[in-house]
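To start, the structure under review is shown below, and the notes come after it.
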Amino acid sequence: ALRTAPDSGAAHYNLAIAYAEQQILEEAREHFTQAAQLRPELTSWRYCARALVPAVFPSSDEINIFRKELSSLLDQAARDHDSFTLEELSTSKFFPPFALAYHGGNNRPLKEQFANLFTATFSAFESPARRPSRRLRIGFVVTAQHERLFLRCMKGIVQRLDRRRFEPVILC
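Residue numbers for the sequence shown follow the numbering used here, so the first one is 35 and each next one is one higher.
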């Protein structure tokens, strides 16, 4: 695609994703950066290169450095009042990295930073008229190709939630 259309932001972005999934992070970073330059209106693309996370870090110190840099990146996005469209977020690779679970740290602050950053995008979907009850809403986000795993691991938990107290919402 890049041979035919070297200035295609989408082609650079897709190639970056392919590299990232193979853990070829330098090339992924380069193509995410190029894609963001070609499509500056897609805010999340600017952050993808800096949010790349290796599957394995050489040391705990490097894990801590990555986490601090990710936190700084999210702080910068919040200070810049960056906004995202729902369509952009649904296809973007800018989200809390799954690998955080393996860092041995408290992930809540980083996930809260992501949540705060994306609140404006999703707040348009929350209105009192849409909430039929005051039950506590519990959301589950199931990413692409993880549907079966979610059902296998979480089906029983979701089925056993007390519907008088909780309103489960599953987003795929």
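Beta carbons: idealized from backbone N, C-alpha and C, even for Gly.
Where does residue i sit, in a helix, a strand or coil, going by DSSP?
i	result
Arg169	coil
Pro143	helix
Leu205	strand
Val176	coil
Phe66	helix
Phe91	coil
Hey, out of the options, whose CA is closest to residue i's CA?
i	options	result
Val90	Arg113, Phe152, Leu59	Leu59
Would you please state the rounded distance, in angstroms, between the beta carbons of residue i and residue j? I believe it to be under 8 Å.
i	j	result
Leu205	Gly173	7 Å
Arg199	Leu170	6 Å
Gln57	Pro88	7 Å
Is residue j closer than 8 Å to residue i when the C-beta atoms are compared?
i	j	result
Arg186	His137	no
Ala62	His46	no
Phe132	Ser78	no
Lys127	Ala54	yes
Gly43	Arg73	yes
Ala52	Thr67	no
Please return the same chain residues whose Cβ sits closer than 8 Å to the Cβ of residue i, not counting the five positions on each side in sequence.
i	result
Arg142	none
Ser249	A query on residue 249 cannot be resolved here, the shown segment of the chain reaching from 35 to 206 and no further.
For residue i, which residues from the same chain have a beta carbon less than 7 Å from its beta carbon, with the 5 sequence-adjacent residues on both sides left out?
i	result
Leu151	Leu108, Ala111, Ala112
Among the residues of its own chain, which have a CB less than 6 Å from the CB of residue i, if the five just before and after it don't count?
i	result
Val176	Phe184, Cys206
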